[in-house]
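J.: One structure follows; several queries about it will come next.
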Amino acid sequence: FYEFILIDIGFVEITLEMDKTIPSIVNYSKLKIIKVLTFSFWNQHPFTKKDFSRSIIPSSYNYFDYQKAWYKIIFEKKSQTFMVYQF
16 FYEFILIDIG
26 FVEITLEMDK
36 TIPSIVNYSK
46 LKIIKVLTFS
56 FWNQHPFTKK
66 DFSRSIIPSS
76 YNYFDYQKAW
86 YKIIFEKKSQ
96 TFMVYQF
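Per the working numbering, the sequence shown starts with residue 16, numbered consecutively.
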């Protein structure tokens, strides 16, 4: 859910770099930061829901979900190592 928020709005690109000897293992992921949405650009109440472009459950998110997505992707992904860079 949280990873999809950032991908769906087009603010990040995530690329998985697979192990060359065991292709089912992810060595690390690249997280390309394209844009960061500030509250002033949200342009509505932070609890107002926005719909995803594709059908998933839950079908919408708010600004606080968006903020939490950054934290969860960067700090709580214990099973993955990210190379983070800004474009």
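Where a beta carbon is used, it is the ideal one built from N, C-alpha and C, also for glycine.
Rounded to whole angstroms, how far is the Cβ of Gly-25 from the Cβ of Ile-48, which I believe are closer than 8 angstroms?
T.: Start at 1 with the first residue of the sequence shown, and residue 25 comes out as number 10. Start at 1 with the first residue of the sequence shown, and residue 48 comes out as number 33. About 11 angstroms; that fails the 8 angstroms criterion.
J.: In the DSSP assignment, the alpha helix (DSSP H) including Lys-87 goes from what residue to what residue?
T.: As a position in the sequence shown, residue 87 is number 72, starting the count at 1. Note, Lys-87: alpha helix (DSSP H), 78–90.
J.: Within the same chain, show all residues whose beta-carbon is closer than 7 angstroms to that of Ser-75, passing over the 5 residues directly before and after it, in chain order.
T.: Here residue 75 refers to the residue found at position 60 of the sequence shown. Taken in chain order, the residues that qualify are Lys-64, Lys-65, Asp-66, Phe-67.
J.: For the region 33–72, list the beta strand (DSSP E) runs that are entirely contained and at least 3 residues long, ordered along the chain.
T.: Qualifying beta strand (DSSP E) stretches, in chain order: 41–48.
J.: Counting only the same chain and skipping the five closest in sequence on each side, list residues whose C-beta sits under 8 angstroms from that of Ile-54.
T.: The residue you call residue 54 lines up with position 39 of the sequence shown. Note that residue 54 is Phe in the sequence shown, not Ile. For Phe-54, where only same-chain residues beyond five positions count, the Cβ hits under 8 angstroms are Pro-61, Tyr-78.
J.: If you count every other CB in all the chains shown that lies within 10 Å of the CB of Tyr-81, and 16 or more means buried, which is it?
T.: The sequence position of residue 81 within the sequence shown is 66, counting from 1. Its Cβ being crowded by 16 or more others within 10 Å, Tyr-81 is buried.
J.: Can Met-33 and Ile-40 be called in contact, C-beta distance under 8 angstroms?
T.: Against the sequence shown, residue 33 aligns to sequence position 18. Against the sequence shown, residue 40 aligns to sequence position 25. Closer than 8 angstroms, so yes.
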